[in-house]
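Just so we're aligned, residue 135 is where the sequence shown starts under my numbering, counting upward by one. Built from N, CA and C at the ideal position, the CB exists for glycine as well. None of these values were measured; they are calculated from a predicted model. Below: one structure, written as structure tokens.
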Amino acid sequence: MSERDFFWLHIKKSAGISTRALLQPYYVEVDRIKKPKTFMQAKPSEYNDILNNYRVVLGEYQFRRCLFAKKFLYPDTWDDLFSFAFSRDPIDRCVSMYYYLFWKNRGFFGNAARSIKKSFKSKRVINYNTPYAFDVFLDYVQKARSSDSIYRPLGNHFTTHTAPMWGDITDEDGRVLLDEVYRLDRLIEGLNRAFERCGISKRLASESVELNKNPRRDGFTPNKNQIRKIQQIYSEDFDIYENAWNGAASA
Numbered sequence: 135m136s137e138r139d140f141f142w143l144h145i146k147k148s149a150g151i152s153t154r155a156l157l158q159p160y161y162v163e164v165d166r167i168k169k170p171k172t173f174m175q176a177k178p179s180e181y182n183d184i185l186n187n188y189r190v191v192l193g194e195y196q197f198r199r200c201l202f203a204k205k206f207l208y209p210d211t212w213d214d215l216f217s218f219a220f221s222r223d224p225i226d227r228c229v230s231m232y233y234y235l236f237w238k239n240r241g242f243f244g245n246a247a248r249s250i251k252k253s254f255k256s257k258r259v260i261n262y263n264t265p266y267a268f269d270v271f272l273d274y275v276q277k278a279r280s281s282d283s284i285y286r287p288l289g290n291h292f293t294t295h296t297a298p299m300w301g302d303i304t305d306e307d308g309r310v311l312l313d314e315v316y317r318l319d320r321l322i323e324g325l326n327r328a329f330e331r332c333g334i335s336k337r338l339a340s341e342s343v344e345l346n347k348n349p350r351r352d353g354f355t356p357n358k359n360q361i362r363k364i365q366q367i368y369s370e371d372f373d374i375y376e377n378a379w380n381g382a383a384s385a
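Shown next, in the form of structure tokens:
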């Protein structure tokens with residue numbers, strides 16, 4: 135069986151560093167930071183990693199990346215590619231966003247100093263208490279979703295990393311454009327399934343892989359009101375996660 139090319143859509147805060155490493159040598163990486171490539175400069179094999187770079191602005195397709203890929207990057211070969219992504223539990227993903235983008239644990243004095251700085255910036259008094267700061271974070275996420283600019287309220291980095299998964303994987307009619315979506319907690323099994331679907335002989339041993347995790351997460355769990363707000367913002371993402379491939383239970 136000949137090997138089939140694949141397309142992996144990276145959903146931010148869903149093990150991107152780990153997945154890129156595990157997909158080697160079949161996933162071509164480019165410079166995403168110092169001198170990010172554009173599609174005009176790139177080979178087709180580099181398109182995937184360029185599209186997965188949040189610094190690449192796509193205009194009206196900013197949060198419709200699969201649709202952009204199908205229409206403009208692979209107009210003649212999309213159906214031949216094996217396309218997949220990983221879905222992370224939306225609550226866990228949201229907490230991960232929070233610590234990565236907004237509230238890194240810096241100890242008592244560091245958190246207090248950061249609270250003062252963010253209070254001036256947001257014109258709201260932000261206590262260094264984690265649950266209250268999470269409320270402020272969710273408010274910013276909602277503002278980013280309703281903003282007419284990817285640079286407001288807190289910049290493109292914030293807006294792209296907090297974007298729901300749904301728009302990125304569906305077409306104009308809400309149809310999922312990917313061949314398969316796997317649960318992130320089944321990362322190794324999902325990748326091995328993708329390799330098999332592509333006729334790639336590589337297999338990963340689950341016990342030899344450790345995901346890249348934020349060591350500063352302090353065990354915070356959102357309260358009921360916060361979970362309700364997450365469910366409102368990421369409503370379709372909960373459906374994606376529930377229906378995602380989950381190993382033996384989904385086989």
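Between which two residues does the alpha helix (DSSP H) carrying Ala-328 extend?
Unbroken alpha helix (DSSP H) run through Ala-328: 321-331.
Ala-339, DSSP secondary structure in three states
In this structure, Ala-339 counts as coil in the three-state DSSP scheme.
In DSSP terms, what Arg-142 is bridged to:
As written in the sequence, residue 142 is Trp, which differs from the Arg given in the question. Trp-142 pairs with Phe-218.
Considering just the uninterrupted stretch of the alpha helix (DSSP H) at Val-270, what are its terminal residues?
First-last of the alpha helix (DSSP H) with Val-270: 264-280.
In three-state terms, what does DSSP make of Arg-286?
Note: Arg-286 maps to coil in three-state DSSP.
Which one of Asn-359, Asn-187, Asn-380, Gly-381 has the shortest CA to CA distance from Ile-225?
Here the closest residue by C-alpha is Asn-359.
Thinking C-alpha only, which one of Glu-163, Met-174, Ala-203, Ile-374 is nearest Met-299?
The candidate whose alpha carbon is nearest that of Met-299 is Ile-374.
Contact under 8 Å by Cβ, Phe-141 with Asn-187
Pairing Phe-141 with Asn-187 gives a Cβ-Cβ distance that is not under 8 Å.
Pick from Glu-314, Ser-340, Ile-303, His-291 that is closest to Ile-167, judged by C-alpha positions:
Of Glu-314, Ser-340, Ile-303, His-291, the residue nearest in Cα terms is His-291.
What would DSSP say about Glu-314, mapped onto helix, strand or coil?
Note: Glu-314 maps to strand in three-state DSSP.
Measuring only the C-alpha atoms, how far is Asp-305 from Asp-282?
The alpha-carbon atoms of Asp-305 and Asp-282 are separated by roughly 21 Å.
Give me the Cα-Cα distance between Ile-303 and Leu-215, rounded to the nearest whole angstrom.
One C-alpha to the other measures close to 15 Å.
Taking only runs that begin and end inside the segment 136-196, name each unbroken beta strand (DSSP E) of 3 or more residues, in chain order.
Counting only runs of 3 or more, we get 140-143.
Quick one: Cα of Thr-264 to Cα of Val-315, how far?
Using only the alpha carbons, I get a separation of about 32 Å.
Return the residue from the list Leu-143, Thr-293, Phe-236, Leu-311 that minimises the CA-CA distance to Asp-269.
The residue among Leu-143, Thr-293, Phe-236, Leu-311 with its C-alpha nearest the C-alpha of Asp-269 is Phe-236.
Is the number of C-beta pairs between the segment 327-334 and the segment 195-207 that are closer than 8 Å three or more?
Touching, no.
Within this structure, are the beta carbons of Arg-227 and Ser-148 separated by less than 8 Å?
Yes, the pair counts as a contact, with Cβ atoms nearer than the cut-off.
Is it the case that the Cβ atoms of Asp-313 and Phe-218 are separated by a distance below 8 Å?
Less than 8 Å separates the beta-carbon of Asp-313 from that of Phe-218.
My guess is that Ser-221 and Arg-317 are in contact by the Cβ rule of under 8 Å, so how many angstroms apart are they, rounded?
Contact flag correct, Cβ pair sits at about 6 Å.
Helix, strand or coil at Phe-243 according to DSSP, with G and I counted as helix:
Reliability fails at Phe-243, whose pLDDT of 39 lies under 50, so the model's placement of it is uncertain and the value that follows must be treated cautiously. If DSSP states are grouped into helix, strand and coil, Phe-243 belongs with the helices.
Does the Cβ-Cβ distance between Leu-126 and Leu-288 come in under 8 Å?
With the chain covering only 135 through 385, there is no way to say anything about residue 126.
Proximity to Tyr-233 [Cα-Cα], best of Thr-153, Thr-296, Ile-322:
Relative to Tyr-233, the option among Thr-153, Thr-296, Ile-322 whose CA is nearest is Thr-296.
For Trp-379, which beta-bridge partners are listed by DSSP?
As DSSP reads the structure, Trp-379 sits in a beta bridge with Tyr-316.
Label Ile-151 either buried or exposed according to how many other C-beta atoms from any shown protein chain fall within 10 Å of its C-beta, with 16 as the threshold for buried.
Burial call: exposed.
Reduced DSSP secondary structure (H/G/I, E/B, other) of Thr-304:
Note: Thr-304 maps to strand in three-state DSSP.
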